[in-house]
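Notes follow the structure.
Residue numbers (my numbering): 859 to 975.
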């Protein structure tokens, strides 16, 4: 599966952004979809994930502020980010793994999110 992410940008603290990721080349519902982020000098972290049945999970730091969703008919996943903080600044990557797989194997290119204080 190939992944194409978009939607990053520069936003003030407290603002919102929506990231999108379109998948192609394989059956979308076979995959668990996720969003990772990596800030300079920090390890990459899984921000949110969503199964094909809609079950979601989030890293504690974004709970209540970020919402992951997917539209299986459009082969797309989204990350709606609100109440953004400067510490959310990072390159965000969409990722996919087959159901039951341990690791995310398929990656989109990063999209930069910068939150100014």
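All C-beta atoms in this analysis are idealised placements derived from N, C-alpha and C, irrespective of residue type, glycine included.
The structure presented is a predicted model; accordingly, all values stated were derived computationally and were not measured.
Original post:
So the beta strand (DSSP E) residue 911 belongs to, where does it begin and stop?
Top reply: No beta strand (DSSP E) contains residue 911, which DSSP labels as neither H nor E.
Original post:
In its own chain, which residues sit with a C-beta less than 6 Å from the C-beta of residue 859, not counting the 5 before and 5 after it?
Top reply: 881, 883, 884, 954 and 964
**OP:** Express the C-alpha separation of residue 874 and residue 943 in angstroms, rounding to a whole number.
**Re:** 10 Å
Subject >> Nearest-angstrom Cα separation, counted from residue 947 out to residue 968 >> reply: 12 Å
Original post:
Where does residue 935 land, buried or exposed, given buried means 16+ other C-beta within 10 angstroms?
Top reply: buried
Original post:
With distances taken between CB atoms, is the gap from residue 877 to residue 950 smaller than 7 Å?
Top reply: yes
**OP:** Just grab the DSSP bridge partners of residue 834 for me.
**Re:** Because the chain here runs from 859 to 975, residue 834 falls outside it and cannot be looked at.
**OP:** Pull up the CB-CB distance for residue 868 and residue 974, whole angstroms please, since I reckon it's below 8 Å.
**Re:** 7 Å
Original post:
Quick one: Cα of residue 908 to Cα of residue 922, how far?
Top reply: 15 Å
Original post:
Identify the residues that DSSP records as bridge partners of residue 924: which are they?
Top reply: 939
Subject >> Rounded separation between residue 960 and residue 899 - CA only >> reply: 25 Å
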